[in-house]
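Engineer:
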Amino acid sequence: MTESVTPRRVTSRRPPERNVPADETLGMKLRHLRRRIALQQVFAELFAKRWMEPAIPLALLVGVVVFFSIAAPGFATEQNLLSSSAELAELALVCLGMAVVLISGGIDLSVGSMFGLCNMVVLLLVTLSGLPVIAAIGLGLLIGALLGAINGSIVAYLKARPFLTTLVTLIIFRGVLNLLDLNFSAQTATAFVLDPIWEWFSTGKVAGIPFSFITLVVVLLIGHIVLSRSRLGWHITAVGASRRAARHAGIRVERVLLLSYVFSGLLCALAGIFYAARLSSASARVGEGMELTVLTAVILGGISLSGGKGTVWRAFIGAATISLLGKGLLLMNVGGEVFQTVLAGVLILAVGLDLKWGKNRGKAIQKTYVNPTIVQYGDLPDCRPGSGSAFEMNDRLVGAESIGVGKVEGPEDVILDKQGRLYCGTRQGWIMRFSGENFENAEIFARIGGHPLGLAFDADDNLVVCVAGMGLYAVTPDGEVRKLTDESNRTWTRLRDDSRLRLADDLDIAPDGKIYFSEGTTRFEMADWILDGVEGRPNGRLLCYDPETGKTRTVIRDLVFPNGVCCSHDGKSFLIAQTWLCRILRYWIDGPNKGRIEVFMENFPGYLDNINRASDGTYWVALNGMRSPAYDLAMRMPVFRRRMMKRIPRDEWLYPSMNHGCVVKVSESGEVLETLWDPGGTAHATITSMREHDGYLYIGGLENNRVGRIKLDNSPAESVGAGAPSVAGTAAS
Amino acid sequence: MGAVLAKVRPGGQLRLSQEQIILLVVASLFVVFSLLLNGFFTAENLLNLLRSVSSLGILSVAMAVVVIARGMDLSLVASMGVATAISIQLMRTDLGTPMALLVGLGIVLLMGAINGFLIAFVEIPPLFATLASGLLIYGLARTVILDGLIVELPPDRDFVRWLGQGVVFGIPAPIIIFVVVAVVAHFLLSRTRTGRFIYAHGDNSGAAGLTGIPVRPLTVTEYMITGAIGLVGGLVMAGSVGGFNTQIIDGSLIYDVLLVVVVGGISLVGGRGGVLSVVAGTALIGVMLNGMTILNMNTHEKDIVKGLILLAALVLDNRLHPRDEETVRQGD
């Protein structure tokens, strides 16, 4: 009967998820394989992950550890690591202070001087003043907090620039330190402290781990809780993220800023005390250039310069990276000057990356998100009038009556109930009901909230609806809306979380009451659904909701945009219309072939939408758009499509043509029986669904402003049972 | 610029510009020091004072160019020091003086271009970019190029020596060079297209871009000009002591430069002040430093005093030229 649409029977468990021409060469097979792999997609999905930002610094740290374990002998020894951990603890404490200030939107360059000054003061107090060690340590911490408060009050209350202010206090504190050094430090050289607490600070160990490191861990834990769980921490983050918004929210910005600098001073003092106890070095050069090390570490750890972003763990990771890098270079006999130079270079690089990445991350992900692949089609069937093909254009839809013109927007699917009332979804997220002789009474039956794309009645006359962006919903005959499901089992091999339903599209109900429904794409939102067509990848799936258990599971994954779903007349299989592949799959749910998938029909001249049963044992298929030779060619050329997306604005891309369609009737054996066209496309341009009822065919369209009705002259006058599967009806009765 | 002249308000009240206030302060400090400090008001001391501050003045003129354009060059002393040291190191070989100086010039220009690129194109805030680039070039020079911390100028290099020690009509050469640099910079900033563009850039970078000024290339040019002027200062320093001690880069010279610029009235918000502000600032800092030296303060005490004054100047500048605290970017 038809030569253009070839029925195929493939009895493998699953046919390839693409159109396979009969004479495919090996080269073509390899090209397909090559294009299936989408590294760019992995990249885009990876960098869209929240955990990716701390993952990079962590990988860097691991890299540093691995490199020096191999390159530097004596690096990966217990002794070295333990001694490193004491140094690391001091650096990390200071880094934590810097991190808090950076998160609050400021910067503290005076950390090195505060560190040195507190080291000196505590040493002097312990050795010369005769104060008890505990008091000396307390006094040291107090002085650190005071120094921080000086910075903080200048920055917060006098509103000076944090960078320059702390750069200047750096030199003032250093000047004070130098004076102390000049006047007192010679006397400390001879003093010797014998005090258990001081001893504990210098050499104390718990299970072999230095006391300073344990203190660091405790401080990190407290810092984490304060920063991420407490009111103060949230205030600090808020002030750093947007000072104006924070003030409008009633946060006392100045006080929060002051506190962040006080934290910095306090932590510098703590680090300085450990340093004093460990080395007893009363030198004026302690902590010189430390601001560079600390700044590099913190930014490398992933705490953004722009404020409001960062955790204590990132500060620690950065500190560990820099500290181990320094230690490793030392073991490799590289001088401190080289280390400083490397640090400066790394700082420029890290700051540049931080700023550029922060600014362009979204754009980069967006640009790489769509990844075209090869989609091949057979020869385009001729639809022109007079061509004599099965799809020959006619004007049978021209005389269609219009229902609800101007009252509905985008009735993607239409359905009729047992009383003959017409239901359709609209763009506003409503379900409209038309009743009366000529469907003149329009009312809003239910307000769902998302665009309803698929409709079906279950055995209890509940209207089951696929809602774009929301999932599967049911509406009782009284108009009460109930959610059935909005998630499925997650595919664990995927980076992207696909457990949420993004684009539930069409459904049908099996004889046993299970609801099978399609999800067109798991990668794009409703507004961008057409991008899935530009991409052409198997992003969709078929799902099954079991009303008995309330569970949803994925039945077939990796389908190229499954759109229409329809239970066959015998109830043993489902037909799945795939939009971008222009073919129909048959999925067996019962019988000897249970679980198998085969290609039912392929190479339609247009993109398929819904599929429904006809009254005479055949099926109606809607074509929402027609293929064109140019776009077919573009679909074979993924590199071209990628260049197109990169080079020209989005509204000038080539898209699948979605402005003209038709209705096709196909037989159970996969033959095209008849077609219905509206050549001018004035009333029914895009056709996404049709429903046969009482000798009439009702027509809906995603972009149309009406529902169409046409009398089927050659069909028998029996009812199809309001679109509910006839088999389900029998099963229920 | 125009603000140099005292303006009379409609009410008949005399309104002084910041430079004039500073010059008044200098005059009064001068009188106080002359009366209280022994050995301040002597011809020798005053000439000394002028000579010693002229290299600081030249560096401050260099810094003024980028600060007017709402930038900052913390790598000024580092790039100047490294370039000068390398030039002198080359002079210790057979290389001719012009060639050695050209190499030095090349280094500062390259450094300026890198800074400008990082700031204009990579969009790193100037303070971060120049802080890191200064440390980077100093580190590179120390580890790779320079032989030691101190390079001595060979006695036969008369030109460089003259820059620091020469005398023309009884006036030390550094002072003359400072005056020449100041006049040239003043001409550049107030009479050339580039100069006006620099003011426009500092005043409102976005508006400058919208009117068609190529802001990014301009930024690169600004940092290159700063580097080139800075090199002159470095050579004067090297000439006056017959060598160059690169440890100066670690020291507080950059704070002195900042102090001169900010105190003189070149606001950090950009687009304000001019070369006369630098002259006023240099005079103030020169008198102050000289006074502190006569008071026998050590370096550390000087550092503390300078730091406090700079802090006060920064706070004051912020009061006089407030910026929007709430939308300000990190490192501005």
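Each protein sequence line maps, in turn, to chains A and B. The numbers in the first sequence follow this note's numbering, run straight up by one, and end at 733. The numbers in the second sequence follow this note's numbering, run straight up by one, and end at 1332. Where a beta carbon is used, it is the ideal one built from N, C-alpha and C, also for glycine. Values in this document were obtained by computation on a predicted structure and should not be read as measured data.
#1: Can the beta-carbon of Cys118(A) be found less than 8 Å from the beta-carbon of Ala297(A)?
#2: Give, in chain order, every unbroken run of the beta strand (DSSP E) that is at least 3 residues long and sits entirely within the stretch 661-700 of chain A.
#3: Taking buried to mean at least 16 other C-beta atoms within 10 Å of its own C-beta, is Asp395(A) buried or exposed?
#4: Going by CA-CA distance only, name the one from Asn441(A), Ala459(A), Val465(A) and Asp461(A) that's closest to Pro452(A).
#5: Would you say Trp198(A) and Ala86(A) are within 8 Å of each other, going by their C-beta atoms?
#6: Quick one: grab the DSSP three-state call for Cys118(A).
#7: Would you decide whether Leu1036(B) is buried or exposed? Buried here means 16 or more other CB atoms lie within 10 Å of its CB.
#8: Which same chain residues end up closer than 6 Å to Lys646(A) when comparing Cβ atoms and leaving out the 5 residues on each side of it in sequence?
#9: Tell me which same chain residues have a C-beta within less than 7 Å of the C-beta of Ile736(A), skipping the five on either side of it?
#10: Identify the contact partners of Ser1252(B) in chain A, using a Cβ-Cβ distance below 8 Å as the criterion.
#11: For a contact meaning CB atoms closer than 7 Å, what does Ala735(A) contact in chain B?
#12: Looking at C-alpha atoms only, which residue of Leu1295(B), Asn1298(B), Gly1265(B) and Ser1079(B) is the closest neighbour of Gly1112(B)?
#13: Residues in its own chain within less than 7 Å of Glu53(A) by CB, not counting five upstream and five downstream?
#14: Less than 8 Å between the CB atoms is what I'm expecting for Asp506(A) and Ser518(A), so what's the real figure, rounded?
#15: Figure out for me which residue from Ile444(A), Ile299(A), Ser568(A) and Val342(A) has the closest Cα to the Cα of Ala1141(B).
#16: Tell me whether the beta-carbon of Tyr607(A) lies closer than 8 Å to the beta-carbon of Ile597(A).
#17: What's the C-alpha gap between Leu484(A) and Asp460(A)?
#18: Within the chosen definition, does the stretch 157-170 of chain A reach the stretch 99-117 of chain A through at least 3 CB pairs nearer than 8 Å?
#19: Could you tell me whether the stretch 1260-1268 of chain B touches the stretch 1058-1071 of chain B, where touching means 3 or more Cβ pairs closer than 8 Å?
#20: Once the 5 residues before and after Ser1368(B) are set aside, which same chain residues still bring their CB inside 7 Å of it?
#21: Going by DSSP in three states, Val398(A) sits in which element: helix, strand or coil?
#22: Look at the alpha carbon of Trp430(A) and the alpha carbon of Asn1115(B), and state the distance between them as a whole number of angstroms.
#23: Taking three-plus beta-carbon pairs below 8 Å as touching, is the stretch 410-427 of chain A in contact with the stretch 695-712 of chain A?
#24: Taking the alpha-carbon positions, what's the Arg18(A) to Ala468(A) distance?
#25: Could you check what DSSP says for Leu33(A) in three-state terms: helix, strand or coil?
#26: Below 8 Å on the Cβ atoms is my contact criterion, and I expect Val1026(B) with Val1305(B) to pass it. Report the Cβ-Cβ distance as a whole number of Å.
#27: What residues from chain A crowd round His1300(B), counting only those whose CB sits closer than 9 Å?
#28: By Cβ distance below 6 Å, which residues in the same chain neighbour Ser1368(B) in space, the five residues on each side in sequence not counted?
#29: Along the beta strand (DSSP E) that carries Asn624(A), what are the first and last residues, could you check?
#30: For chain B, check one thing: does any of its Cβ atoms lie closer than 8 Å to the Cβ of Val351(A)?
#31: Using DSSP bridges, identify the partner residues of Trp430(A).
#32: Report the option in Gly617(A), Leu559(A), Ala207(A) and Val351(A) whose CA atom is closest to the CA atom of Glu737(A).
#33: Would you kindly work out how many angstroms separate the C-alpha atoms of Thr730(A) and Pro385(A), rounded to a whole number?
#34: Quick check: is the beta carbon of Glu1123(B) nearer than 8 Å to any beta carbon in chain A?
#35: Which residue or residues does DSSP assign as beta-bridge partners of Arg586(A)?
#36: If you measure between the beta carbons of Ile1254(B) and Leu1136(B), is that distance less than 8 Å?
Structural biologist: The answer reads as follows:
#1: no
#2: 662-666, 672-677, 689-693 and 696-700
#3: exposed
#4: Val465(A)
#5: no
#6: helix
#7: exposed
#8: none
#9: A question about residue 736(A) goes unanswered here, because the residues of chain A that appear run from 1 up to 733.
#10: Ile171
#11: In the structure as shown, chain A starts at 1 and stops at 733, and residue 735(A) therefore has no counterpart that could be examined.
#12: Ser1079(B)
#13: Gly302
#14: 5 Å
#15: Val342(A)
#16: no
#17: 15 Å
#18: yes
#19: yes
#20: Residue 1368(B) falls outside the range modelled here, since chain B spans only 1001 to 1332, and no answer is possible.
#21: coil
#22: 59 Å
#23: yes
#24: 25 Å
#25: helix
#26: Their Cβ separation, rounded to whole angstroms, is 16 Å, which puts Val1026(B) and Val1305(B) out of contact at 8 Å.
#27: Arg174, Gly175, Val176, Leu177, Asn178, Leu179, Asp181, Leu182 and Ala284
#28: As displayed, chain B neither begins before 1001 nor continues past 1332, which places residue 1368(B) out of reach and without an answer.
#29: Tyr619 to Met626
#30: yes
#31: Arg447(A)
#32: Lying before the first or after the last residue shown, residue 737(A) is absent from chain A, which here runs from 1 to 733.
#33: Only weak support is given to the placement of Thr730(A): the predicted model assigns it a pLDDT of 35, under 50, and the value that follows is read from those uncertain coordinates. Computed Cα separation, rounded: 42 Å.
#34: yes
#35: Leu575(A) and Glu598(A)
#36: no
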